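The UniProt record's numbering puts the first residue of the sequence shown at 1, with every later residue one more than the last.
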Amino acid sequence: MTTDADATPAPRTSPRTGSTRTATAPDRPAVRGGEPAFPAGLPLTRVQVPDRTALLARLATVLDSGQLTNGPTVRELEERAAELLQVPHVVAVASCTAGLMLVLQAAGVGAGRAVVMPGFSFSATAHAAHWAGGTPLFAEAREVDLTLEPAHAAERLAAADRPAALLATHVYGTPCQVERLREVADAAGVPLVYDAAHALGSRRRGVPVGGFGLAEVFSMSPTKVAVAGEGGLVATRDAALAQTLRIARDYGNPGDYDTRFPGLNARMSELHAAVGLNWLAELPARVAHRGTLAAAFAAETAGLAGLRTAWPEPGDTSTFKDLTLILDEAAFGLRVPELADALRAEGIDTRRYFHPPVHRQRAYARLGQAEHLPLTDRLAASVLTVPLWSQMDEAVVRRVAAAVTRIHRSAPQVRARRT
Ligand SMILES: *Cc1c(COP(=O)(O)O)cnc(C)c1O
1 MTTDADATPA PRTSPRTGST RTATAPDRPA VRGGEPAFPA GLPLTRVQVP
51 DRTALLARLA TVLDSGQLTN GPTVRELEER AAELLQVPHV VAVASCTAGL
101 MLVLQAAGVG AGRAVVMPGF SFSATAHAAH WAGGTPLFAE AREVDLTLEP
151 AHAAERLAAA DRPAALLATH VYGTPCQVER LREVADAAGV PLVYDAAHAL
201 GSRRRGVPVG GFGLAEVFSM SPTKVAVAGE GGLVATRDAA LAQTLRIARD
251 YGNPGDYDTR FPGLNARMSE LHAAVGLNWL AELPARVAHR GTLAAAFAAE
301 TAGLAGLRTA WPEPGDTSTF KDLTLILDEA AFGLRVPELA DALRAEGIDT
351 RRYFHPPVHR QRAYARLGQA EHLPLTDRLA ASVLTVPLWS QMDEAVVRRV
401 AAAVTRIHRS APQVRARRT
């Protein structure tokens, strides 16, 4: 059963933000000589392996079995993930990047054909298309939540010569406009694939991300929400695709050493699957807690001019793989690098996810597509990701919000200090 209660809570407005706080708080930001919020430092993510005792027992079983790859632990992980995602097939792979490559190859990408995808994503989205033999054709993000803009994706598909696929990213775990993207892909006659690296545990209108499109590919690398050490999961409703992927991850060898196509070694090891299984067991609780943390941050900063948080639609659930601030620098009073410097002085680690956007990175700038992506360029310049991890205390996230508030209130002085 899924109810609205599972959805990410809406940001509340908090009585703790507003002018009363400034009146009682004489605090200066650390960048202007105040006490740092986190003298010992606050990293962006912290990987905390759940239930060590259960994991060690599972690892011992794997070691005793003598089978270190492609065995019963991998199958158990696939079955558990299929239940959780409510899809008939999950194929575990060595990484999300490899999973995306193999899905795109199986979907007929190749010979330089265009794969329409967001410029606002992680580089691996584009790399996967490249290694599958395709060419990225970048489309704009939606201003409101930074996921792929379906109307612009449709335009880019129409402009392409024989496009091969549409590839969309659930950015930070925010579910895409899956209904509109389905229509866009169908109208163009191309398969729809999701880079779901951030979205293990996300829901679109109560339905788990995993069953939308031809396939959705998750990552279990260490910065993601559920971790296997390294690893990926391909979820699909297509039995033939799942079968092809099982062969593809094993060099293209169905078992008789007569390879049917050039595959990869993209298997997941039993050891990684054991780690991943432990994580999966705690996933729903972790995702719920992350939503609570994000809501607390949003509530604490609700009154600040020029600052918003990337947020899912009402009724949707985000994993908040990243808690990302979107600044309007004129209203906020600081540019992203200035805020990042001031947060560093507080001991708070940040990243600019995703800046530069993929179409601006040196690997793809040669494609010369920047003229199509003015909105993505502006959005990418305005994002700053702050720390969030699954075991974080709500008090910690409130302290980060208080630091951002303090810095904003001293914006003119903070800015003057830099020039
Ligand atoms: C991390 C990430 C990937 C790559 O995942 P790996 O498992 O490390 O290959 C792909 N896409 C996005 C959006 C990511 O953040």
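A virtual CB, placed ideally from N, CA and C, is assigned to each residue, including glycine. Predicted, not measured: the structure shown is a model, and the values here were computed from it.
| Item | Value |
| --- | --- |
| Straight-line CA distance for E282 to A288? | 10 Å |
| If G213 sits next to V193, beta carbons under 8 Å apart, how far is it from one beta carbon to the other, in whole angstroms? | 6 Å |
| For T45, verify whether its CB is less than 7 Å away from any heavy atom of ligand 2. | Within the structure as shown, ligand 2 is missing, the only ligands being ligand 1. |
| Could you tell me the boundaries of the alpha helix (DSSP H) in which T244 lies? | A239 to A248 |
| Tell me the rounded alpha-carbon separation between A395 and V386. | 15 Å |
| Where does V144 fall in DSSP's three states? | coil |
| What I want to know is whether the C-beta of C96 ends up closer than 7 Å to one or more non-hydrogen atoms of ligand 1. | yes |
| Which one or two residues does DSSP pair with E204 in a beta bridge? | Per the sequence shown, residue 204 should be read as Arg rather than Glu. DSSP output for R204 lists V207 as bridge partner(s). |
| Enumerate in chain order the residues of its own chain whose CB-to-CB distance from A111 is below 7 Å, with the five nearest sequence positions on each side excluded. | G133 |
| Tell me the rounded alpha-carbon separation between R398 and L42. | 13 Å |
| Looking at G231: is its Cβ nearer than 8 Å to the Cβ of H272? | yes |
| Expressed to the nearest angstrom, what Euclidean distance is found between the alpha-carbon atoms of G347 and H408? | 16 Å |
| In whole angstroms, what separates the C-alpha of V225 from that of E76? | 19 Å |
| Using a Cβ-Cβ cut-off of 6 Å (strictly less than) and excluding sequence neighbours within five positions of G99, which residues of its own chain qualify? | V93, V217, G232 and V234 |
| Taking only runs that begin and end inside the region 280-348, name each unbroken beta strand (DSSP E) of 3 or more residues, in chain order. | 307-309 and 323-327 |
| Count the other CB atoms, across all protein chains shown, that sit within 10 Å of the CB of Q177; report buried if there are 16 or more and exposed otherwise. | buried |
| Would you kindly report the start and end of the unbroken beta strand (DSSP E) that includes P72? | Element bounds for P72: not the beta strand (DSSP E) but the alpha helix (DSSP H), P72 to L85. |
| Can you give me the Cβ contacts of A106 inside the same chain, cut-off strictly under 7 Å, excluding the 5 residues immediately before and after it? | L241, T244, L245 and A248 |
| Quick one: using the 10 Å Cβ neighbour count with 16 as the cut-off for buried, is A25 buried or exposed? | Residue confidence for A25 is low, a pLDDT of 46 falling below 50, so the modelled location carries little weight; the figure read from the coordinates is stated next. Classification for A25: exposed. |
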